[in-house]
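Protein chains in written order, with this note's numbering: chain H, 12 to 350; chain U, 12 to 350. Just so you know, even glycine gets a beta-carbon here, dropped at the ideal spot from N, CA and C. Predicted, not measured: the structure shown is a model, and the values here were computed from it. Remarks on the structure that follows.
What follows is the structure, encoded as structure tokens:
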């Protein structure tokens with residue numbers, strides 16, 4: 012056990028792409044545990060693209076991070092001390108906690124997990140927030156039908172790879188868009204996508220989409236936005252559905268992006284586009300977790316993780332998301348599980 | 012009865028705003044009626060913004076008009092001769108027919124109407140295609156709830172004024188956006204909208220919207236697109252709904268319009284945007300017509316028409332739509348009902 016609590020603070024709000032100067036590693040004492048609280052040692056923390064939005068001081072679906080405070084996100088940790096009757100020392104929990112070695116929690120929004128049921132890291136990925144995002148966005152908004160074509164951007168990310176695999180389970184033709192040959196090979200060879208397009212090396216994404224989607228596009232699950240989405244929207248079928256999950260291409264722009272207006276495409280095809288956040292479906296998360304865990308157990312959903320070691324490397328792991336370095340879920344391993 | 016059949020042909024495809032040179036009045040013989048057909052004398056014809064799309068040679072939800080053929084659209088006419096057992100001389104019918112004095116029809120897509128139940132012109136407006144567009148777009152996509160705020164652009168057009176009145180019936184706060192003081196007065200004084208904004212004279216549409224929508228926007232029924240929509244989207248509440256009906260601001264642009272990307276606004280608010288065309292709800296039109304006619308009869312929906320006289324003036328009436336000259340439904344009176 013380290014004698015101090017290392018914490019990553021946000022010390023400056025980024026304009027455009029963040030870099031090292033926006034983050035600072037601080038050392039503090041390990042916090043005291045009061046009545047009703049638990050002390051949690053961080054094992055893994057999750058870095059996710061949506062966090063970029065919280066680093067700016069703008070209204071969104073989650074409030075901005077505060078300056079000169081510890082960053083927060085999904086964490087799997089071990090209960091080291093408990094003064095809360097719902098938890099005991101040794102419990103493994105998942106929750107929204109700090110980018111730090113030790114967190115104190117009231118227990119609210121903290122969920123005990125079964126380390127035998129799935130690997131700990133899966134609770135931050137395929138059966139955690141990204142998996143649920145894929146599950147509800149695709150099934151509740153995209154409503155894929157057998158034989159339809161589903162295109163997913165950011166296909167080799169934590170959300171995208173679950174989207175594509177659920178669409179395969181539902182009997183769809185699945186086309187992924189991703190940004191490296193390693194990712195393309197993974198989608199085609201490991202996950203059995205029907206087609207995959209490398210947007211970084213393609214000479215003509217329109218031509219590639221035309222070949223990949225001979226029957227047009229019925230569902231476009233969008234993690235990316237920008238030019239890639241502009242290209243996909245040209246192939247919408249009548250009554251297409253577009254779950255808008257993220258727009259990673261825009262998160263680091265210094266001013267609002269402009270592009271072709273998309274409304275006429277939606278009108279001409281009677282298509283529907285809907286933004287969402289996983290918490291919109293919070294009441295139904297338990298059923299999503301059960302189903303995802305079953306599919307993982309049955310080998311119908313595979314997953315991949317990219318794990319960086321060391322809390323001090325969390326900012327770099329986060330920044331790597333925007334360089335497309337991660338295949339699957341990007342995690343930071345903070346400590347060994349020493350039970 | 013005129014001895015010839017005057018017809019308005021499309022003789023050149025407009026790039027940008029159409030003008031006189033794209034249309035030509037032709038004189039032909041009155042067509043012969045064959046077995047199974049009816050001859051219809053045009054009484055009123057409807058000019059509608061969507062027709063601009065059909066004048067270009069691009070794929071859309073309806074095929075383009077053919078060059079050097081008569082233009083077509085909604086018509087109310089009188090059966091002059093029938094060799095079809097479903098119609099007889101003197102019947103009043105509504106259907107998609109030509110911009111001409113006389114049309115021949117097989118009877119398919121031709122509907123007999125009751126001239127006692129509503130004025131003939133209403134079948135091209137409030138209980139016709141525009142009324143049904145308002146009804147299904149607002150109720151099936153917008154799903155307005157009591158107490159919510161509904162904003163409608165193109166509010167003083169044939170569709171917009173029905174949208175606003177149905178939203179009032181549903182107990183909503185209704186805000187209209189239109190382009191003349193005459194229209195604004197009509198919305199406020201005659202249709203009891205809660206607020207109305209003149210986009211042509213406002214100094215700051217954002218500030219006006221902030222005052223008009225103190226509780227944000229739950230439903231935005233969009234007939235217009237462009238800058239006006241950009242402004243409204245800033246006020247979306249969580250889970251807002253945006254029926255996309257038309258984008259009249261864009262129909263005459265010579266190249267695709269660009270603007271701020273709207274996807275992040277939709278994600279931040281979990282909002283839904285859906286294009287549609289009235290025929291998407293064709294199976295349910297009868298119930299829509301019954302309800303609209305009842306509301307008109309009960310005085311709960313008022314309507315207004317702008318009627319130009321003379322077939323030769325149909326192109327000008329059509330072009331006037333893009334100058335915002337019409338209050339309510341724009342019609343062309345072609346002949347008197349002489350029964």
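Any beta carbon from chain U within less than 8 Å of residue i's own beta carbon?
i                      : result
residue 11 of chain H  : Within the shown structure, residues of chain H are numbered from 12 to 350, placing residue 11 of chain H beyond reach of any answer.
residue 285 of chain H : yes
residue 272 of chain H : yes
residue 196 of chain H : no
residue 313 of chain H : no
residue 340 of chain H : no
residue 261 of chain H : yes
residue 322 of chain H : no
residue 239 of chain H : no
residue 279 of chain H : yes
residue 288 of chain H : yes
residue 275 of chain H : yes
residue 51 of chain H  : no
residue 114 of chain H : no
residue 39 of chain H  : no
Using a Cβ-Cβ cut-off of 8 Å (strictly less than) and excluding sequence neighbours within five positions of residue i, which residues of its own chain qualify?
i                      : result
residue 235 of chain H : 164, 165, 188, 257, 258, 259, 260
residue 132 of chain H : 55, 87, 316, 318, 340, 342
residue 47 of chain U  : 94, 95, 117, 118
residue 50 of chain H  : 41, 42, 44, 90, 91, 92, 93, 113, 114, 115
residue 333 of chain H : 28, 60, 63, 259, 262, 263
Is residue i close to chain H, meaning its C-beta is less than 8 Å from at least one C-beta of that chain?
i                      : result
residue 67 of chain U  : no
residue 366 of chain U : Since the displayed chain U opens at 12 and closes at 350, residue 366 of chain U lies outside it and no answer follows.
residue 297 of chain U : no
residue 59 of chain U  : no
residue 74 of chain U  : no
residue 236 of chain U : yes
residue 267 of chain U : yes
residue 164 of chain U : no
residue 291 of chain U : yes
residue 255 of chain U : yes
Determine the burial state of residue i: buried for a count of at least 16 other Cβ atoms within 10 Å of its Cβ, exposed for fewer.
i                      : result
residue 26 of chain H  : exposed
residue 78 of chain H  : exposed
residue 272 of chain U : buried
residue 266 of chain U : exposed
residue 31 of chain H  : exposed
residue 69 of chain H  : exposed
residue 414 of chain H : For chain H, the structure presents residues 12 to 350; residue 414 of chain H sits outside this window and is missing.
residue 15 of chain U  : exposed
residue 124 of chain H : buried
residue 217 of chain H : exposed
residue 176 of chain U : buried
residue 212 of chain H : exposed
Grab me the residues of residue i's own chain with a C-beta within less than 6 Å of its C-beta, minus the 5 sequence neighbours each way, in chain order.
i                      : result
residue 83 of chain H  : 107, 109
residue 250 of chain H : 281
residue 374 of chain H : Nothing about residue 374 of chain H can be read from this structure; chain H reaches only from 12 to 350.
residue 184 of chain H : 160, 205
residue 231 of chain U : 162, 243, 253
residue 121 of chain U : 104, 106
residue 229 of chain U : 159, 160, 248, 251
Can you round the beta-carbon distance between residue i and residue j to whole angstroms, since I take them to be within the 8 Å contact cut?
i                      : j                      : result
residue 345 of chain H : residue 137 of chain H : No, residue 345 of chain H and residue 137 of chain H are not in contact; Cβ-Cβ is about 20 Å, not under 8 Å.
residue 337 of chain H : residue 168 of chain H : 7 Å
residue 66 of chain U  : residue 76 of chain U  : 6 Å
residue 36 of chain U  : residue 323 of chain U : 6 Å
residue 139 of chain U : residue 227 of chain U : The Cβ separation is near 33 Å, so there is no contact.
residue 145 of chain U : residue 170 of chain U : 5 Å
residue 113 of chain U : residue 41 of chain U  : 5 Å
residue 158 of chain H : residue 182 of chain H : 6 Å
residue 241 of chain U : residue 270 of chain U : 6 Å
Can you check DSSP and say which residues form a bridge with residue i?
i                      : result
residue 171 of chain H : DSSP, once it has assigned bridges, lists no residue as partnering residue 171 of chain H.
residue 271 of chain U : H:269
residue 213 of chain H : Note: residue 213 of chain H sits in no beta bridge, so no partner.
residue 159 of chain U : Answer is none; residue 159 of chain U lacks a bridge partner.
residue 113 of chain U : U:52
Take residue i and list the residues in its own chain whose beta-carbon comes closer than 7 Å to its own, dropping the five residues that flank it on each side.
i                      : result
residue 195 of chain U : 189, 207, 209
residue 81 of chain H  : 18, 19, 20, 109, 110, 111
residue 325 of chain U : 19, 56, 58, 110, 343
residue 277 of chain U : 284
residue 178 of chain H : 149, 155, 161, 185
residue 134 of chain H : 87, 105, 124
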